[in-house]
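Residue numbers (the working numbering): 9 to 141. All C-beta atoms, glycine included, are put in the ideal place defined by N, C-alpha and C. Keep in mind that this is a model prediction, so the values were computed, not measured.
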Amino acid sequence: MKKSTLKQQEQQQAQQIQNEALVRLMLLARYQDKKLSLNEQDAFHRNLHKLAWHSVTDVNMFTMREIAAVRKVLETPDRTEAFINQQCSFLKTEAAKNECLSILRQIAAADKTDPREHQFLQQVEAALGMVSA
9 MKKSTLKQQE QQQAQQIQNE ALVRLMLLAR YQDKKLSLNE QDAFHRNLHK LAWHSVTDVN
69 MFTMREIAAV RKVLETPDRT EAFINQQCSF LKTEAAKNEC LSILRQIAAA DKTDPREHQF
129 LQQVEAALGM VSA
């Protein structure tokens, strides 16, 4: 295998790990206000299908599989915080961090940002090390 091909595969794998973490955070964002609106669902799916997906598992199947895990995380604030920190740790580049925040803000704003969604966004910003002054 050529070095350039191997390097490309490594880059795709790294991007896929970031995308999977982003999808989990997107799911978590949807459940913050305890309601699922059509506008929020549309914002979620619009952003989901923009991701460069490099997996044998279809993005929709991955999403369906992750819903139960994300809902379980919401059972306690400690689990939620640990989950946010874990997923944010996979977002290594400034571009990935900025994309994450942009997408999460779009999902939260789709049905008017609830105080719980605002708190969630602040937690994500802190976990990403991007707290604004």
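Do the stretch 71–84 and the stretch 104–119 touch if we need at least three Cβ pairs shorter than 8 Å?
The answer is no - the stretch 104–119 does not touch the stretch 71–84, with fewer than three Cβ pairs under 8 Å.
My assumption, with CB atoms under 8 Å, is that D119 sits in contact with S45. Please give the rounded CB distance.
On the sequence shown, position 111 is the one that residue 119 refers to. On the sequence shown, position 37 is the one that residue 45 refers to. 4 Å between Cβ atoms; contact.
Helix, strand or coil: which one does DSSP assign to L112?
The residue you call residue 112 lines up with position 104 of the sequence shown. L112: helix per DSSP, three-state reduction.
Whole-angstrom distance between D50 and G137, CA atom to CA atom
Here the question's residue 137 lines up with position 129 in the sequence shown. Here the question's residue 50 lines up with position 42 in the sequence shown. One C-alpha to the other measures close to 29 Å.
Is it a yes or a no for the stretch 23–32 touching the stretch 78–96, going by three-plus beta-carbon pairs under 8 Å?
Because the criterion of three Cβ pairs below 8 Å is met, the stretch 23–32 and the stretch 78–96 touch.
For N27, count neighbouring Cβ atoms within 10 angstroms of its own Cβ and tell me buried if that reaches 16, exposed if not.
Position 19 of the sequence shown, counted from the first residue, corresponds to residue 27. That one is buried.
So the alpha helix (DSSP H) T71 belongs to, where does it begin and stop?
In the sequence shown, counting from the first residue as 1, residue 71 sits at position 63. Where T71 is concerned, the enclosing alpha helix (DSSP H) starts and stops at 67–81.
Going straight from the alpha carbon of T181 to that of L56, what length do you get?
Absent from the model: residue 181. The displayed extent of the chain is 9 to 141, so no value can be given.
Buried or exposed: where does A135 fall if 16 or more other Cβ atoms within 10 Å of its Cβ makes it buried?
Numbered from 1 along the sequence shown, position 127 holds the residue referred to as residue 135. Buried, because 16 or more other Cβ atoms sit within 10 Å of the Cβ of A135.
Unbroken stretches of the alpha helix (DSSP H), 4 residues or longer, contained in the stretch 10–76
Entirely contained in the stretch 10–76, the alpha helix (DSSP H) runs reaching 4 residues are, in chain order, 11–38, 46–56.
6 Å Cβ shell around W61 - same chain, five flanking residues per side excluded
As a working note, residue 61 is residue 53 in the sequence shown. Closer than 6 Å at the Cβ level, and outside the excluded window around W61, lie V67.
Using only CA atoms, which one of A116, Q19, F70 lies nearest to I38?
If you number the sequence shown from 1, residue 38 lands on position 30. Looking at the sequence provided, one finds Arg at residue 38 rather than Ile. Put simply, of A116, Q19, F70 the residue whose alpha carbon is nearest the alpha carbon of R38 is A116.
Going along the chain, which residues of its own chain have a beta-carbon closer than 6 Å to the beta-carbon of L36, five neighbours each way excluded?
Working through the sequence shown from its first residue, we reach residue 36 at position 28. Result list for L36: V78, in chain order.
CA-CA distance, A141 and Q17?
Here residue 141 is taken as the residue at index 133 of the sequence shown, counted from 1. Here residue 17 is taken as the residue at index 9 of the sequence shown, counted from 1. Since pLDDT at A141 reaches only 41, below the 50 mark, its modelled position is unreliable, and the value read off the structure follows with that caveat. Computed Cα separation, rounded: 38 Å.
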